[in-house]
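Asker: First the structure, which I've put down as structure tokens, then a few questions once you've had a look.
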Amino acid sequence: MSVLPAAAGNAETYPDRTFCSFGPMNNNPHTTGLEELLSLVLGAEPLYALLKAFDQGTIPLRRGRLPQGEPLTPEEAWEIIRQLRAQDGLATFGVPREPGLVESLLWAPFQSAGGQDIYPSVAEKAAALLYLIIKRHPFEDGNKRTASALFLAFLGKNGLLRKGTSAYRQLQRILVWAVLYVANSPDEDKERVIQLLAHLVGEVTRSAQRKGKV
């Protein structure tokens with residue numbers, strides 16, 4: 119039998135139930151019944167399947183016949199960075215820490231092994247670009263923001279994203295989580311993290327395409 123502390127409000131004790139002056143704590147008209155809660159929880163099976171796939175390293179990717187994509191050119195990337203620096207106002211924003219590193223990261227998602235692309239789809243390449251820029255810290259300042267901007271630009275260049283669409287809005291919301299998640303993820307999870315990001319990008323853009331909003 120439990121009793122609320124006196125500070126919680128004139129607690130009175132009844133068998134198997136605790137009441138206070140404002141009524142029984144388990145009889146709130148605004149709460150939801152157990153049956154509805156179970157329906158809510160068990161209906162999220164795709165969420166649990168994706169989390170299990172992440173743990174097992176088997177995240178599903180629907181590559182289909184997607185084009186392999188084209189990288190951002192150094193000229194495109196540096197112009198984007200220049201515009202971001204002007205917007206930010208910080209002199210060290212986007213200043214490279216070592217020569218050639220930014221250019222090499224732009225091409226890194228297009229690496230191949232055994233004649234096959236390591237990251238076959240545009241979504242995977244975009245995820246790899248985001249991951250690598252965040253983890254390698256090629257700039258003195260603004261690595262996360264620059265990684266996000268180049269990620270969006272890469273998707274836009276390859277036809278998976280347009281400004282003002284539902285996919286554009288959803289990806290911006292996802293990016294806040296994704297960037298912070300990547301920054302704090304252990305290095306040994308690199309490929310699983312990239313696959314998870316690619317899966318989310320694919321789901322968002324594919325859903326928008328079905329609705330004709332990309």
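If you're matching positions, the sequence shown starts at 119 in my numbering and goes up one per residue. Even for Gly, the Cβ is constructed at its ideal location relative to N, Cα and C.
For I236, which residues of its own chain have a beta-carbon under 6 Å away from its beta-carbon, when the five flanking residues on both sides are left out?
Answerer: For the purposes of this step, residue 236 is taken as residue 118 along the sequence shown, with counting starting at 1. Answer for I236: Q229, listed in chain order.
Asker: Tell me the rounded alpha-carbon separation between L219 and E153.
Answerer: Looking up residue 219 in the sequence shown gives position 101. Looking up residue 153 in the sequence shown gives position 35. If you take the alpha carbons of L219 and E153, they lie about 55 Å apart.
Asker: Near P192, which residues of its chain fall below 6 Å by C-beta distance, leaving aside the five closest residues on each side in sequence?
Answerer: Against the sequence shown, residue 192 aligns to sequence position 74. The residues are E221.
Asker: On the three-state DSSP scale, how would you describe F140?
Answerer: Taking the sequence shown and counting its residues from 1, the one referred to as residue 140 is at position 22. Residue placement at F140 is flagged as unreliable, the pLDDT there being 41, under the threshold of 50; the coordinate-derived value follows with that caveat. Coil.
Asker: Can you check the region 191–239 for any alpha helix (DSSP H) of at least 4 residues that lies completely inside it and give the ranges in chain order?
Answerer: Within the region 191–239, the complete alpha helix (DSSP H) runs of at least 4 residues are 192–206 and 219–225.
Asker: Among T176, L208, G151 and A162, which one has its Cα closest to the Cα of D307?
Answerer: As a first step, residue 307 is located in the sequence shown; it is residue number 189 there, counting from the start. Comparing Cα-Cα distances from D307 to each of T176, L208, G151 and A162, the minimum goes to T176.
Asker: Decide if the region 274–282 is in contact with the region 293–309; the criterion is three or more beta carbon pairs, one per stretch, under 8 Å apart.
Answerer: Touching, no, given that fewer than three Cβ pairs across the two stretches are closer than 8 Å.
Asker: Would a C-beta distance cut-off of 8 Å place L155 and I198 closer than the cut-off?
Answerer: As a first step, residue 155 must be located in the sequence shown, where it is residue number 37. As a first step, residue 198 must be located in the sequence shown, where it is residue number 80. No, they are not a contact pair.
Asker: Short check: CB of L273 to CB of A244, under 8 Å?
Answerer: To locate residue 273, count along the sequence shown from 1; it is residue 155. To locate residue 244, count along the sequence shown from 1; it is residue 126. A contact, by the Cβ cut-off of 8 Å.
Asker: Along the chain, which unbroken stretches of the beta strand (DSSP E) at least 3 residues long are found entirely within the region 150–180?
Answerer: Runs of the beta strand (DSSP E) inside the region 150–180: none found.
Asker: Using 8 Å as the threshold, is the C-beta distance between L202 and T150 below it?
Answerer: The residue you call residue 202 lines up with position 84 of the sequence shown. The residue you call residue 150 lines up with position 32 of the sequence shown. No.
Asker: What are the boundary residues of the alpha helix (DSSP H) that includes S284?
Answerer: Counted from its first residue, the sequence shown places residue 284 at position 166. Per DSSP, S284 belongs to the alpha helix (DSSP H) from S284 to N302.
Asker: Going by Cα to Cα distance, which pick from S239, I312 and T323 is closest to G187?
Answerer: Taking the sequence shown and counting its residues from 1, one reaches residue 187 at position 69. Nearest option by C-alpha distance: S239.
Asker: Do P256 and P214 count as a contact pair if the criterion is CB distance below 8 Å?
Answerer: Walking along the sequence shown from the start, residue 214 turns up at place 96. Walking along the sequence shown from the start, residue 256 turns up at place 138. Against a cut-off of 8 Å, the Cβ pair of P256 and P214 comes out as a contact.
Asker: Leaving out five residues before and five after E321 in sequence, what residues of the same chain have Cβ atoms less than 6 Å from its Cβ?
Answerer: Within the sequence shown, the letter at position 203 stands for residue 321. Closer than 6 Å at the Cβ level, and outside the excluded window around E321, lies no residue.
Asker: Out of L158, L293 and Q205, state which residue places its alpha-carbon closest to the alpha-carbon of L248.
Answerer: Taking the first residue of the sequence shown as 1, we reach residue 248 at position 130. Of L158, L293 and Q205, the residue nearest in Cα terms is L293.
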